[in-house]
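Taking it in order: structure first as structure tokens, then the write-up.
Protein chains in written order, with my numbering: chain A, 1 to 252; chain S, 1001 to 1204.
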């Protein structure tokens, strides 16, 4: 799997990751998001410093990527056609809590189409599928941790939670850092969307500042005139201490 | 005032939702032609060293109902106890073994299944060997932040008895929730999110 990986020519870091701030993340039990009620552990988590099993993790080479993997407007479209909707660029930087860029990070995304319809057999929303839109994409960050996608802005989506709950427009993201302890799935929201502050999934996050960390601002400087607007979404993964060997027994 | 630590906050987690397959296993979701194959479906090839095993099981909610929309990833060492990771400095892992697998639970039955090899032992921080184990990460609709746990092997009683992580579990009656029973070449590992048989999950 590491074959073909181009990471900067420096010694890999092997320190344990900073402890997760679980008051910043959503707790498991959030009854306003009904499905969490029966899917949340009730017993306390067992807290441990990382071992090598969590400090290590898979790293993916660019050889897994196809030419259009980062372009959701075209990667499912018939030749010469493109997906319908607001054309946007979603770009940003994957860094860690120390502000260091994370190179070689695999970022996978998925989303509904412009009408809020997902291409999934379990999905029955009456908004139509777009024959030229699949809804998945992936990239690997460059040496500074930067990534870019091209896609269409997803539509809001009704879901059976409360009688009249609608998800804000959102893009799901899955990120691999360098250690399995950094593994993260989250959702990106769009600046100015009034549905953000009504959503029971957004409000699983207790701290307003943490929610704001998931809202991508419009970036007119990165917008391509007459083509696509741009939204910036930076992603912060867990930072890490300097070395695996700090706790070695004397004599090792 | 003192200087700032200049730390950022980690991006907060959100649920993977019911359509996680679109992004992470699009071929499984019948979105063909975008990726050649779904990542993580094949951990071994003909040249992989070690004992071939199957790991299978279900993920149950608080009513004992299997989740049919969960996604599981596993991460493990190779047969010699080396990880296929740039952060592995003790040696070079088997190039024919990825160490990482991804499997959605079946949409009808809720079963997950990994074809892999039995991992070797890896050291704890102080140099003691941990028992052979596979790290699990579980996401699904209704799970706000991915759940970490470990699977240990039922036929490794001696190693399990000296494992420093299992030793940390205060309520000894919960230790068996992390131990998969062997049936021929298959290890059965059921995960219970909640209730009487609740699996031990880690903040790691």
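Note that beta-carbon positions come from the ideal geometry of N, C-alpha and C, so glycine has one too.
Residues in its own chain within less than 7 Å of residue 1029 of chain S by CB, not counting five upstream and five downstream? Reading the second chain from its first residue, position 29 is the one you call residue 1029 of chain S. Excluding residues within five positions, the ones whose Cβ falls inside 7 Å are 1021, 1022.
Given residue 125 of chain A, which residues of its chain have a CB within under 6 Å of its CB, disregarding the five upstream and five downstream residues? As a working mapping, residue 125 of chain A is identified with position 125 in the first chain. Closer than 6 Å at the Cβ level, and outside the excluded window around residue 125 of chain A, lie 117.
Which partner residues does residue 1123 of chain S have in the DSSP bridge list? Stepping through the second chain from its first residue, residue 1123 of chain S is reached at position 123. Paired residue(s): S:1129.
Please report how far the alpha carbon of residue 1017 of chain S lies from the alpha carbon of residue 1161 of chain S, in whole angstroms. Looking up residue 1017 of chain S in the second chain gives position 17. Looking up residue 1161 of chain S in the second chain gives position 161. Their backbone Cα atoms lie some 38 Å apart in a straight line.
Using DSSP's beta-bridge definition, name the partner residues of residue 186 of chain A. Within the first chain, residue 186 of chain A is the residue found at index 186, counting from 1. Answer by DSSP bridge pairing, in chain order: A:173.
Contacts around residue 1201 of chain S, its chain only, beta-carbon distance under 8 Å, and the 5 residues preceding and following it disregarded: Here the question's residue 1201 of chain S lines up with position 201 in the second chain. Non-local C-beta neighbours of residue 1201 of chain S in its own chain, meaning closer than 8 Å and more than five positions away in sequence, comprise 1147, 1148, 1149, ordered along the chain.
Have a look at residue 238 of chain A and residue 96 of chain A and give me their C-alpha separation to the nearest angstrom. By one-based count along the first chain, residue 238 of chain A stands at place 238. By one-based count along the first chain, residue 96 of chain A stands at place 96. If I take the Cα positions, the gap works out to 5 Å.
Please list the segments of the beta strand (DSSP E) lying wholly inside the region 1041–1079 of chain S, counting only runs of 3 or more residues, in order along the chain. Within the region 1041–1079 of chain S, the complete beta strand (DSSP E) runs of at least 3 residues are 1052–1060, 1071–1075.
Along chain A, which residues have their Cβ under 7 Å away from the Cβ of residue 1034 of chain S? Working through the second chain from its first residue, we reach residue 1034 of chain S at position 34. At a beta-carbon threshold of 7 Å, the residues of chain A lying near residue 1034 of chain S are 75, 76, 134, 136, ordered along the chain.
My output table needs one value for residue 1143 of chain S: the three-state DSSP class, helix, strand or coil. Here residue 1143 of chain S refers to the residue found at position 143 of the second chain. Correct three-state label for residue 1143 of chain S: coil.
8 Å is my cut-off, CB to CB: does residue 237 of chain A come that close to chain S? Here the question's residue 237 of chain A lines up with position 237 in the first chain. Yes - at least one Cβ of chain S is within 8 Å of the one on residue 237 of chain A.
When DSSP labels each residue in this structure, what does residue 37 of chain A get in the three-state scheme? Working through the first chain from its first residue, we reach residue 37 of chain A at position 37. Coil, per DSSP.
Is the CB of residue 256 of chain A under 8 Å away from at least one CB in chain S? Given that chain A is displayed from residue 1 to residue 252, the structure contains no residue 256 of chain A and the question cannot be resolved.
Return the bridge partner residues of residue 1098 of chain S from the DSSP annotation. Here residue 1098 of chain S corresponds to residue number 98 of the second chain, with the count starting at 1. BP columns for residue 1098 of chain S are empty, so no partner.
Identify, in the order they occur along the chain, each residue of the same chain with its Cβ nearer than 6 Å to the Cβ of residue 1 of chain A, setting aside the five sequence neighbours on each side. For the purposes of this step, residue 1 of chain A is identified with residue 1 of the first chain, where counting begins at 1. At residue 1 of chain A, the pLDDT of 49 sits below 50, so the modelled position is not reliable and the matter cannot be decided from this model.
Contact set for residue 122 of chain A: own chain, Cβ-Cβ below 7 Å, skip 5 residues either direction: Taking the first residue of the first chain as 1, we reach residue 122 of chain A at position 122. Here the set comprises nothing.
Residues of chain S with a CB under 7 Å from the CB of residue 187 of chain A: which are they? Here residue 187 of chain A refers to the residue found at position 187 of the first chain. The contacting residues are 1014.
Under 7 Å Cβ-Cβ, which residues of chain S neighbour residue 50 of chain A? One-based indexing of the first chain puts residue 50 of chain A at position 50. Per Cβ cutoff of 7 Å: 1204.
Within 8 Å, strictly: CB atoms of residue 89 of chain A and residue 148 of chain A: For the purposes of this step, residue 89 of chain A is taken as residue 89 along the first chain, with counting starting at 1. For the purposes of this step, residue 148 of chain A is taken as residue 148 along the first chain, with counting starting at 1. Result yes, Cβ atoms of residue 89 of chain A and residue 148 of chain A sit closer than 8 Å.
Own chain partners of residue 1206 of chain S with C-beta closer than 7 Å, once the 5 adjacent residues on each side are dropped: Shown here, chain S extends from 1001 to 1204; a query on residue 1206 of chain S therefore has no answer.
Classify residue 44 of chain A: buried if its beta carbon has 16 or more other beta carbons within 10 angstroms, exposed otherwise. Position 44 of the first chain, counted from the first residue, corresponds to residue 44 of chain A. By the neighbour-count rule (16 or more Cβ atoms within 10 Å), residue 44 of chain A is not buried but exposed.
Looking at the C-beta of residue 24 of chain A, does it have a partner C-beta in chain S at a distance below 8 Å? Position 24 of the first chain holds residue 24 of chain A. So yes, residue 24 of chain A belongs to the interface.
Could you name the residues of chain S that residue 213 of chain A contacts, counting a contact when the two beta carbons are closer than 8 Å? Taking the first residue of the first chain as 1, we reach residue 213 of chain A at position 213. Residues of chain S passing the Cβ test: 1009, 1011, 1012.
Taking all protein chains shown into account, do 16 or more other C-beta atoms lie within 10 angstroms of the C-beta of residue 1075 of chain S, making it buried, or fewer, making it exposed? Walking along the second chain from the start, residue 1075 of chain S turns up at place 75. Answer is buried; the Cβ neighbour count reaches 16.
If we call anything under 8 Å between Cβ atoms a contact, is residue 1139 of chain S one with residue 185 of chain A? As a working mapping, residue 1139 of chain S is identified with position 139 in the second chain. As a working mapping, residue 185 of chain A is identified with position 185 in the first chain. For residue 1139 of chain S and residue 185 of chain A, yes; Cβs fall inside 8 Å.
Residue 170 of chain A to residue 151 of chain A span [Cα, whole Å]: Taking the first residue of the first chain as position 1, residue 170 of chain A is located at position 170. Taking the first residue of the first chain as position 1, residue 151 of chain A is located at position 151. About 12 Å.
Taking 8 Å as the CB-CB limit, is residue 12 of chain A close to chain S? As a working note, residue 12 of chain A is residue 12 in the first chain. It does; some Cβ of chain S falls within 8 Å.
Go ahead and label residue 83 of chain A buried or exposed: buried means 16 or more other beta carbons lie within 10 angstroms of its beta carbon, across all protein chains shown. Within the first chain, the letter at position 83 stands for residue 83 of chain A. So residue 83 of chain A ends up on the buried side.
Hey, residue 1154 of chain S and residue 1121 of chain S: beta-carbon distance below 8 Å or not? Taking the second chain and counting its residues from 1, the one referred to as residue 1154 of chain S is at position 154. Taking the second chain and counting its residues from 1, the one referred to as residue 1121 of chain S is at position 121. In this structure, residue 1121 of chain S does not lie closer than 8 Å to residue 1154 of chain S by Cβ.
Beta carbon of residue 176 of chain A nearer than 8 Å to that of residue 183 of chain A: Numbered from 1 along the first chain, position 176 holds the residue referred to as residue 176 of chain A. Numbered from 1 along the first chain, position 183 holds the residue referred to as residue 183 of chain A. Yes. Within cutoff.
Which runs of the alpha helix (DSSP H), 4 residues or longer, sit entirely within the region 69–134 of chain A? none
Helix, strand or coil: which one does DSSP assign to residue 257 of chain A? Coverage of chain A is limited to positions 1 through 252, which leaves residue 257 of chain A absent and any answer about it impossible.
Measuring alpha carbon to alpha carbon, tell me which residue in S:1036, S:1080, S:1079, S:1063 is nearest residue 63 of chain A. The residue you call residue 63 of chain A lines up with position 63 of the first chain. Among S:1036, S:1080, S:1079, S:1063, the Cα nearest to that of residue 63 of chain A belongs to S:1036.
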